[in-house]
Amino acid sequence: MITPTALFAFDTLLTEEEREIRNTVRRVCDREIRPHVAEWFETGELPARELARTLGSLGVLGMHLEGYGCAGMGAVSYGLACLELEAADSGLRSLVSVQGSLAMYAIWKYGSEEQKQEWLPAMAAGEGIGCFGLTEPDFGSDPAGMRTTAKREGGDWVLNGTKMWITNGSVSDVAVVWARTDEGVRGFLVPAGTPGFTVNDVKHKISLRASVTSELVLDGVRLPDAALLPGARGLSGPLGCLNEARFGIVFGAMGAALDCLETAIAYAGDREVFARPLASYQLTQEKLADMALELGKGLLLAVHLGRLKEAGTITPEQVSAGKLNNVREALEIARKCRTLLGASGITLEYPVIRHAVNLESVLTYEGTSEIHSLVLGKALTGIAAFH
Ligand SMILES: Cc1cc2nc3c(=O)[nH]c(=O)nc-3n(C[C@H](O)[C@H](O)[C@H](O)COP(=O)(O)OP(=O)(O)OC[C@H]3O[C@@H](n4cnc5c(N)ncnc54)[C@H](O)[C@@H]3O)c2cc1C
Numbered sequence: 001m002i003t004p005t006a007l008f009a010f011d012t013l014l015t016e017e018e019r020e021i022r023n024t025v026r027r028v029c030d031r032e033i034r035p036h037v038a039e040w041f042e043t044g045e046l047p048a049r050e051l052a053r054t055l056g057s058l059g060v061l062g063m064h065l066e067g068y069g070c071a072g073m074g075a076v077s078y079g080l081a082c083l084e085l086e087a088a089d090s091g092l093r094s095l096v097s098v099q100g101s102l103a104m105y106a107i108w109k110y111g112s113e114e115q116k117q118e119w120l121p122a123m124a125a126g127e128g129i130g131c132f133g134l135t136e137p138d139f140g141s142d143p144a145g146m147r148t149t150a151k152r153e154g155g156d157w158v159l160n161g162t163k164m165w166i167t168n169g170s171v172s173d174v175a176v177v178w179a180r181t182d183e184g185v186r187g188f189l190v191p192a193g194t195p196g197f198t199v200n201d202v203k204h205k206i207s208l209r210a211s212v213t214s215e216l217v218l219d220g221v222r223l224p225d226a227a228l229l230p231g232a233r234g235l236s237g238p239l240g241c242l243n244e245a246r247f248g249i250v251f252g253a254m255g256a257a258l259d260c261l262e263t264a265i266a267y268a269g270d271r272e273v274f275a276r277p278l279a280s281y282q283l284t285q286e287k288l289a290d291m292a293l294e295l296g297k298g299l300l301l302a303v304h305l306g307r308l309k310e311a312g313t314i315t316p317e318q319v320s321a322g323k324l325n326n327v328r329e330a331l332e333i334a335r336k337c338r339t340l341l342g343a344s345g346i347t348l349e350y351p352v353i354r355h356a357v358n359l360e361s362v363l364t365y366e367g368t369s370e371i372h373s374l375v376l377g378k379a380l381t382g383i384a385a386f387h
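The opening residue of the sequence shown carries number 1 in the working numbering; numbering runs sequentially from there.
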């Protein structure tokens, strides 16, 4: 027998250091996350603060950033960490992506020296949590339509508006909020507890239940000029952050798929149907072979994109291609694995249905599959089907 990753000699593409990082993250997930994650999912409650500290001491928060207590690792190492985290649960990877690639990256890339000193070391250690508020109730795929405003009043800024579907919202110490100003879209650091700033959790989710999702309400929130991110002007600011987070998803989605496939292979070996193991039937083997192919291709694509990112040549279209393909295929793999588990496949006793419903969110956030198709369509034809 050969594992799905060994079929593609995946490890030969990685350095020894990268393999070690992957194995360390896997060990911590096995010890600290996997025994509890189904319960967090079922109850919709997770110990976010404690988890952030665990992930901080593991060194995965902002791990691809340099300085300020961050680990300064390469793109493939970061991707492999995302893969292992998402093999445990997409909600866990979301916590890490939003913290490191959205909130910390925004401060690291666009922040003042004072803002970096104030927030980044604490966030890298998991002592501080951040969120990223771009989406609004009426503007998701089209953030250019945002209605949240920031107006100058004397030396201060006053923010009004609502952000929706914000990961880590109610457990955050600081929110990176994007708002329309007279000089275009600008980013602001809004500390939790600022007067006029309230956060309400989204309840009744069926997907990504082991993750906090919130609404941010800004009602006359007054901030000093020092809260403005000086280096970001226009929508390219938040879009640059999203590109970082999408890269992590290219690897992460394959982690969820791998966990499903390994579960299904083990189940099919044990489960007897019509007096023979389920794994011995040709229909089963065809399913497993097809899934291993898509998984292997997705992993190869992820490492290729990682190497391009490390070389500094990756383009947003390439990240779109990776996000679109790998999330779509991961979702197909999760659904197909679910069929192999039969009725057992619908319970939280196995991780498969949890991954499947989680991946529905992953398909939508960080640019929906339709939007990434349109990005590729524009790149291939030179014609924008959207603006
Ligand atoms: C669990 C979860 C966590 C999230 N976390 C965050 C976060 O931390 N921060 C944040 O800012 N946002 C976050 N989001 C929001 C997410 O990024 C948006 O949901 C996403 O961008 C889609 O926006 P929407 O839901 O408003 O859908 P819409 O934009 O209304 O899209 C609805 C449908 O229309 C399609 N569509 C849109 N435009 C076109 C077009 N031109 N042609 C054809 N079809 C089109 C879409 O693909 C989709 O199928 C999160 C979402 C979820 C579900």
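Ideal Cβ positions, reconstructed from N, Cα and C, are used throughout, including at glycine.
Since we're looking at a predicted model, the values are computed, not measured.
According to DSSP, is residue i part of a helix, a strand, or is it coil?
| i | result |
| --- | --- |
| Cys70 | coil |
| Ser77 | helix |
| Ile2 | coil |
| Leu208 | coil |
| Ala343 | helix |
| Thr315 | coil |
| Pro137 | coil |
| Ile371 | helix |
| Ala175 | strand |
| Phe132 | strand |
| His64 | coil |
| Leu404 | Outside the modelled stretch of the chain, which goes from 1 to 387, sits residue 404, for which no answer is possible. |
| Tyr267 | helix |
| Asp290 | helix |
| Ile333 | helix |
| Gly126 | coil |
| Leu261 | helix |
| Arg147 | coil |
| Ile353 | helix |
| Gly296 | helix |
| Phe386 | coil |
Pull up the DSSP beta-bridge partners for residue i, would you.
| i | result |
| --- | --- |
| Trp108 | None; Trp108 has no bridge partner. |
| Arg152 | Trp157 |
| Lys163 | Leu216 |
| Val273 | Arg276 |
Is residue i near residue j, with beta carbons less than 8 angstroms apart?
| i | j | result |
| --- | --- | --- |
| Val390 | Val327 | A question about residue 390 goes unanswered here, because the residues of the chain that appear run from 1 up to 387. |
| Gly345 | Arg338 | yes |
| Phe188 | Ala227 | yes |
| Leu7 | Gly252 | no |
| Val212 | Val190 | no |
| Leu305 | Val319 | yes |
| Glu294 | Glu244 | no |
| Asn168 | Cys131 | yes |
| Arg246 | Lys323 | yes |
| Pro143 | Leu235 | yes |
| Leu359 | Ala330 | yes |
| Ile33 | Asp89 | yes |
| Met254 | Leu83 | yes |
| Val28 | Leu61 | no |
| Ile166 | Ser101 | no |
| Gly56 | Ala125 | yes |
| Trp119 | Val171 | no |
| Glu18 | Val76 | yes |
| Ala192 | Leu46 | no |
Can you tell me whether residue i is buried or exposed, with buried defined as 16 or more other CB within 10 angstroms of its CB?
| i | result |
| --- | --- |
| Glu366 | buried |
| Glu315 | The sequence as given places Thr at residue 315; Glu does not occur at that position. Exposed, because fewer than 16 other Cβ atoms sit within 10 Å of the Cβ of Thr315. |
| Arg49 | exposed |
| Thr284 | buried |
| Lys287 | buried |
| Ile249 | buried |
| Lys309 | buried |
| Leu348 | exposed |
| Met73 | buried |
| Asp259 | buried |
| Gln99 | buried |
| Asn200 | exposed |
| Thr3 | exposed |
| Lys151 | exposed |
| Ala385 | exposed |
| Pro351 | buried |
Return yes when at least one heavy atom of ligand 3 lies under 7 angstroms from the C-beta of residue i, else no.
| i | result |
| --- | --- |
| Phe197 | Absence of ligand 3 from the depicted structure is noted, with ligand 1 being the only ligands included. |
*Quick one: complete beta strand (DSSP E) runs, 3+ long, within the segment 173-258?*
174-181, 184-191, 197-201, 213-224
*At what residue ranges does the segment 1-36 contain a whole run of the alpha helix (DSSP H), taking only runs of 4 or more?*
4-7, 16-28
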